[in-house]
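S.K.: Would you mind keeping the following structure in view while I ask a few things?
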Amino acid sequence: MALEKQRFDTLILGAGGAGLNAALQLANANLKVAVVSKVFPTRSHTVAAQGGVNAALANVLPDNWHWHMFDTVKGSDYLGDQDAIEYMCREAIPTVYELEHNGVPFSRLPNGKIYQRAFGGQSQNFGGEQAARTCAAADRTGHAILHTLYQQNIRAKTHFYDEYFAADLIRDDEGYILGALVLNIATGEPLLIESKTTLLATGGCGQVFRTTSNAHINTGDGMAMVLRAGLPLMDMEFFQFHPTGIAGKGMLITEGVRGEGGYLINKNGERFMEKYAPNAKDLASRDVVARSIITEVREGSGVGPEADHVLLKVNHLGEDVIAKRLPGIRESSKIFAGVDPVKEPIPVFPTAHYVMGGIPTDRFGRVMPTADDDGDHLPGLYAAGECACASVHGANRLGGNSLLDILVFGRLAGHNIIDYVKENNAHRTLDEASVEKAMSRLQKWDTKGDGITVSQLRNEFRKTMEDHAGVFRVEEMMVEGVEKVKNIREKLSEVRLTDHSSTFNTNRTEALELENLIDVGLSIAVSALHRKESRGAHSRPDYPNRDDKEWMKHTLYWMENDRLDYKGVRAQPLTVESFPPKERVY
Amino acid sequence: MKFSVYRYNPETDSEPYMQAFEVEQRQGMMLRDALLAIQAQDESFTFRHSCGEGVCGSDGVNVNGSNKLACITALADLKEPVEVRPFPGRPVIRDLVVDMSQFYAQFKQVDPWLIRKDPMPEQEIPQSPEERDRLDGLYECIMCGCCSTSCPSFWWNPDKFLGPQALLTACRFLADSRDQAKEERLDKLEGPYKLFRCHTIMNCVESCPKELNPTKAIGHIKAIMLKDAI
Chain H
1 MALEKQRFDT LILGAGGAGL NAALQLANAN LKVAVVSKVF PTRSHTVAAQ GGVNAALANV
61 LPDNWHWHMF DTVKGSDYLG DQDAIEYMCR EAIPTVYELE HNGVPFSRLP NGKIYQRAFG
121 GQSQNFGGEQ AARTCAAADR TGHAILHTLY QQNIRAKTHF YDEYFAADLI RDDEGYILGA
181 LVLNIATGEP LLIESKTTLL ATGGCGQVFR TTSNAHINTG DGMAMVLRAG LPLMDMEFFQ
241 FHPTGIAGKG MLITEGVRGE GGYLINKNGE RFMEKYAPNA KDLASRDVVA RSIITEVREG
301 SGVGPEADHV LLKVNHLGED VIAKRLPGIR ESSKIFAGVD PVKEPIPVFP TAHYVMGGIP
361 TDRFGRVMPT ADDDGDHLPG LYAAGECACA SVHGANRLGG NSLLDILVFG RLAGHNIIDY
421 VKENNAHRTL DEASVEKAMS RLQKWDTKGD GITVSQLRNE FRKTMEDHAG VFRVEEMMVE
481 GVEKVKNIRE KLSEVRLTDH SSTFNTNRTE ALELENLIDV GLSIAVSALH RKESRGAHSR
541 PDYPNRDDKE WMKHTLYWME NDRLDYKGVR AQPLTVESFP PKERVY
Chain E
1 MKFSVYRYNP ETDSEPYMQA FEVEQRQGMM LRDALLAIQA QDESFTFRHS CGEGVCGSDG
61 VNVNGSNKLA CITALADLKE PVEVRPFPGR PVIRDLVVDM SQFYAQFKQV DPWLIRKDPM
121 PEQEIPQSPE ERDRLDGLYE CIMCGCCSTS CPSFWWNPDK FLGPQALLTA CRFLADSRDQ
181 AKEERLDKLE GPYKLFRCHT IMNCVESCPK ELNPTKAIGH IKAIMLKDAI
């Protein structure tokens, strides 16, 4: 049977905040846009973002984008590109207002303006008093934003391919991306979508770790597609562990809880963050708080029968504040931890949360395929959101900067694509060999017989990543981890599906996702092994210090031969002076 | 713990059947964990799920006769054998996966987006905390479909009656002080079916995993219509 084909000006893979904000700009400009999502759009993981989105609106306390920029550069442990960071912090303001105009039900202040709360790593005046920069819709900000963007895309008549799984990018000999091969999950039928431009907005890869705040769908699909297309991933060793996941479960308890005045205590009831971050305390940067919790537990100050977690105290805020500002957290705590935070503290422990690295792009969302800092971008290929690395988060992302990143760069990629399509308004000739290669990868899973199951290998892989590439990383442990993951990659060829039907075959989808997870997991393990310093979320007890002389550079990883290369940090902002690296204390 | 699970694969089964499974119950386990354990026993068992914390709305199923989100339904609260079926009244694609396109089509019927006619200000459109409070209980909907697929009026007229989810959404925009299309929205809800097929059976309220109240929202829309008519 002939492969069905469709053509669009732009193909967007992923329907989270980045994909939908880009789609909205494009559909409003009357481009022919296809959005492919493996789940119905409002199921995308942006929906789970709780605390809010940063923008220096100065609605509560004095603020400006330059202070926001400083905090982000410092938070990144000086690995973020300062031109992209300046751009993001400036664009934050119009981006948030546009969202509000589109209908996002932000919480409000008595004067009618958007409510803003304090979050970790925020300061006034370049490191001074705590700032309040995070625009919130109670503790359901991601939900409020994602639903609003989906609603506006319905109005704008964006074309959605709901429950289609993107398998591979189609690439010609010159390196141009021509679209993607996707799979209709309900029928199992492949579909070729040809496009003049392609935007990867496939989100994160938290499922590489066993305990994670990430959804089942966060399997790094776009990142793995990029690797298979011969392109690199950048800074993959930087993975954020959120300090407050529900202990033993991993579900997220927003930093907004601490922003509203909640704090961490150990088994003696001590507010231990006072030791580790005397000024910012519980609102120190996430990497700092996560390490402090693990240190407390390792030193025997953990809580519970296994002494394996700490407590997040909230009840002193009172039922009114909790009901008004943190209703979702109260609900989750009751369901998953069996505690009502109005009465009891919440048991918490760090949980794998966010990948700072990703597909290297410039600040317009254009994919940068080489280690040459001034090298050309790849024409027509864009990436935005968690799958991309602009790089604005560097070695550690600040709370509230994730929604910001996806919304700003989704929006700007949209604008840039509009300009690109004006100049390049023709489809290139389809590369049949590339289509065949993508098809044969799918067909490989039709092989019948006995073998390892998808879930067996997935469990082994996720445990390995947790044991060998977690919060604290030492040489021997990582050498062993890389070997193990390489073995797991070999074992993929022994995995067999037990279900070969065409109709809504989740066994097949999960096999394709497992391939993606393993490729992305190896990029994390290999990149981490070679970075011999501690910076941001990458913590090496064997190399405890940050080494700016050797390591103020981005890692690039290619799948072929697991090759690494490096490129310099862009320390020069657009209009202001560079923030030189300083010791990072909170 | 004993389960009886609805199975149907259109490629191999002439009709649906119930299959028994047993799952070891652990402390704090949710129904989604049990469905995953069943899937580990039989990889061909199919259901939708994603976030695991009740916000994405993927894993709505019918459990012991009620619609629930599997990921926030504690096994400890369920009677054995736990009977798990797809949402009632929707065409089954496979096992617990149903075709929700009619449900989404009705959502789109209510123009589910903010309509503003005035030019946009440079900053936010002002809204007082009291005005914003009116959206509470309306905007939190996760579109899981538990309500509409438990509603007899929706079972009988899924193409004509908009159903509790879409009507809750209509109310969300009617209640938004920033929205400027009140009359158009009300006009669109006129007629004997779209809104007025609600017979206040209140299954929607019972089944909403976010504890929202679509029946109240529907009553609120009716009250606005009545006030406008006078």
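Residue numbers (the UniProt record's numbering), protein chains in the order written: chain H, 1 to 586; chain E, 1 to 230.
The C-beta atom is built at its ideal place from N, Cα and C for all residues, glycine as well.
Nothing here was measured: the structure is a model prediction, and the numbers come from that model.
What residues from chain H crowd round asparagine 67 of chain E, counting only those whose CB sits closer than 7 Å?
M.R.: The premise fails here: asparagine 67 of chain E is roughly 17 Å from chain H at the closest Cβ pair, so nothing lies under 7 Å.
S.K.: By the criterion of Cβ-Cβ separation under 9 Å, what are the contact partners of proline 192 of chain E in chain H?
M.R.: The contacting residues do not exist; proline 192 of chain E stays about 26 Å from chain H at best.
S.K.: If you draw a straight line from the C-alpha of phenylalanine 461 of chain H to the C-alpha of serine 493 of chain H, how long is it?
M.R.: 14 Å
S.K.: Tell me whether glutamate 480 of chain H sits in a helix, a strand or coil according to DSSP, three-state version.
M.R.: helix
S.K.: Counting Cβ pairs, one atom from each stretch, are 3 or more of them under 8 Å apart for the region 358–367 of chain H and the region 475–493 of chain H?
M.R.: no
S.K.: Using 7 Å as the limit for Cβ to Cβ distance, is valine 47 of chain H near chain E?
M.R.: yes
S.K.: Grab me the residues of aspartate 99 of chain E's own chain with a C-beta within less than 7 Å of its C-beta, minus the 5 sequence neighbours each way, in chain order.
M.R.: Arg90, Pro91, Ile93
S.K.: Going by alpha carbons, who is nearest to residue 590 of chain H out of H:Asn54, H:Arg171, H:Leu457?
M.R.: Since the first residue of chain H shown is 1 and the last is 586, residue 590 of chain H is not available in this structure.
S.K.: Taking the alpha helix (DSSP H) that leucine 186 of chain E falls in, what are its first and last residues?
M.R.: 182–188
S.K.: Can you give me the C-alpha to C-alpha distance between alanine 74 of chain E and methionine 29 of chain E, rounded to a whole angstrom?
M.R.: Whole-angstrom Cα-Cα distance: 6 Å.
S.K.: Need the endpoints of the beta strand (DSSP E) that glycine 521 of chain H sits in, please.
M.R.: Not the beta strand (DSSP E): glycine 521 of chain H falls in the alpha helix (DSSP H), residues 506–530.
S.K.: Check each residue of the region 227–243 of chain H: if its Cβ is closer than 9 Å to any Cβ of chain E, include it; give the result in chain order.
M.R.: none
S.K.: Within the same chain, show all residues whose beta-carbon is closer than 7 Å to that of threonine 464 of chain H, passing over the 5 residues directly before and after it, in chain order.
M.R.: Gly481, Lys484, Val485, Ile488
S.K.: For arginine 546 of chain H, which residues of its own chain have a beta-carbon under 7 Å away from its beta-carbon, when the five flanking residues on both sides are left out?
M.R.: Asp77, Glu533, Ser534, Arg535
S.K.: Once DSSP output is grouped into helix, strand and coil, what is the label at arginine 94 of chain E?
M.R.: strand
S.K.: State the CB to CB distance for the pair phenylalanine 107 of chain E and threonine 169 of chain E, rounded to an integer number of angstroms; the pair is presumed to be in contact (CB under 8 Å).
M.R.: 6 Å
S.K.: Does the Cβ of glutamine 41 of chain E have 16 or more other Cβ atoms within 10 Å, making it buried, or fewer, making it exposed?
M.R.: exposed
S.K.: Rounded to the nearest angstrom, what separates proline 10 of chain E and alanine 229 of chain H at their Cα positions?
M.R.: 36 Å
S.K.: Can you look up threonine 187 of chain H in the DSSP assignment and give me helix, strand or coil?
M.R.: coil
S.K.: Taking isoleucine 93 of chain H and alanine 56 of chain H to be in contact with their CB atoms under 8 Å, please state how far apart those CB atoms are, rounded to whole angstroms.
M.R.: 6 Å
S.K.: Short of 9 Å Cβ to Cβ, which residues in the region 21–49 of chain H face chain E?
M.R.: Val39, Phe40, Thr42, Arg43, Ser44, His45, Val47, Ala48
S.K.: Would valine 576 of chain H be called buried (16 or more neighbouring beta carbons within 10 Å of its own) or exposed?
M.R.: exposed
S.K.: Where does the unbroken beta strand (DSSP E) through valine 63 of chain E begin, and where does it stop?
M.R.: 60–63
S.K.: Count the other CB atoms within 10 Å of the CB of histidine 468 of chain H; is the residue buried (16 or more) or exposed (fewer)?
M.R.: buried
S.K.: Cβ closer than 8 Å: which chain E residues qualify as neighbours of alanine 215 of chain H?
M.R.: Ser50, Cys51, Gly52, Cys56
S.K.: Under a CB-based cut-off of 7 Å, is serine 14 of chain E close to chain H?
M.R.: no
S.K.: Whole-angstrom Cβ separation of lysine 267 of chain H and serine 213 of chain H, contact assumed at under 8 Å?
M.R.: Between lysine 267 of chain H and serine 213 of chain H the beta-carbon gap is near 24 Å, outside 8 Å, which marks them as no contact.
S.K.: Output yes if chain E places a C-beta closer than 7 Å to the C-beta of glutamate 480 of chain H; else output no.
M.R.: no
S.K.: At a Cβ threshold of 7 Å, is proline 105 of chain H touching chain A?
M.R.: In summary, chain A is missing from the structure at hand, where the protein chains are H and E.
S.K.: Counting beta carbon pairs with one atom in the region 295–313 of chain H and one in the region 170–181 of chain H, are three or more of them shorter than 8 Å?
M.R.: no
S.K.: Alpha carbons only, please: which of H:Lys281, H:Phe349, H:Pro345, H:Ala290 is nearest the one belonging to alanine 307 of chain H?
M.R.: H:Phe349
S.K.: Identify every run of the beta strand (DSSP E) within the region 355–402 of chain H, keeping only runs that are complete inside it and at least 3 residues long; order them along the chain.
M.R.: 381–383
S.K.: Is alanine 40 of chain E close to chain H? Criterion is C-beta to C-beta, closer than 7 Å.
M.R.: yes
S.K.: Quick one: list the residues of chain H neighbouring tyrosine 139 of chain E, beta-carbon separation under 7 Å, in chain order.
M.R.: Pro105, Ala144
S.K.: Following the continuous alpha helix (DSSP H) through phenylalanine 3 of chain E, name the residue where it begins and the one where it ends.
M.R.: Here phenylalanine 3 of chain E belongs to no alpha helix (DSSP H); instead the beta strand (DSSP E) covers 2–7.
S.K.: Flag this pair as yes or no: are the beta carbons of threonine 211 of chain H and glycine 250 of chain H separated by less than 7 Å?
M.R.: Contact: yes.
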